[in-house]
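Residue numbers (the UniProt record's numbering): 1 to 161. Contents: one structure, followed by commentary.
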């Protein structure tokens, strides 16, 4: 009975961490992509390439440092310690997909909203986010499997091994 209850708690924790991390990846990825597309500065290209470089580097390279960081933040042995890890893992692909999708949205849509008096935040929430639904679904599905399957990282973070 105790083993079944513990397994049930682990499944609930996995659901919470997976869905919460996907939400954070979609939120921060959409905001970062919108900012990178609309920010006309040389640094925006550098930041975009910085995000893209995250796809080439496996998270295992920085596991020890990451574990020290989580311990320093007091998130070791908690589910909260997994959120920054999974969000950082999912952001590069989210920024890549969403940035390219936002670039395809006609500028006339956002310009018309600005002319009508909408602020940038309103343009993002009312116009851009509904148009991003297919890309957001793609990013969510793409990140769902890796987030769900990283059992070893969960044990290491939660148990402090």
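Virtual Cβ for every residue (Gly too), placed ideally from N, Cα, C.
For residue 131, the closest C-alpha among the options 116, 110, 42, 142 is that of 110.
Per DSSP, the unbroken alpha helix (DSSP H) holding residue 92 starts and ends at 82-103.
Shown here for residue 128: same chain residues with a beta carbon closer than 8 Å to its own, the five before and five after excluded, namely 30, 34, 102, 105, 110 in chain order. Across the set 82, 142, 150, the C-alpha of 142 shows the shortest separation from the C-alpha of residue 26. Counting along the chain, residue 146 sits inside the alpha helix (DSSP H) bounded by residues 133-149.
Secondary structure note for residue 52: its alpha helix (DSSP H) is the uninterrupted segment 42-56. Take residue 86, set aside five residues on each side of it, and the residues of its chain with a beta-carbon closer than 6 Å to its own are 21, 147, in chain order. Distance from the CA of residue 120 to the CA of residue 92, rounded to the nearest whole angstrom, comes to 23 Å. Taking the Cβ atoms as the reference, residue 32 lies roughly 5 Å from residue 95, within the contact range of under 8 Å. A straight line joining the alpha-carbon of residue 52 with that of residue 45 spans about 11 Å. In this structure residue 79 is in contact with residue 17, their Cβ atoms being roughly 6 Å apart against a cut-off of 8 Å. Leaving aside the five residues that flank residue 124 on each side, the residues in its chain whose CB is nearer than 6 Å to its CB run, in chain order, 34. The C-beta distance from residue 57 to residue 99 rounds to 19 Å, too long to meet the 8 Å contact threshold. In this chain, the alpha helix (DSSP H) harbouring residue 64 covers 63-72. Non-local beta-carbon contacts of residue 83 in its own chain, meaning distances under 8 Å to residues more than five positions away in sequence, involve 17, 20, 21, 24 in chain order.
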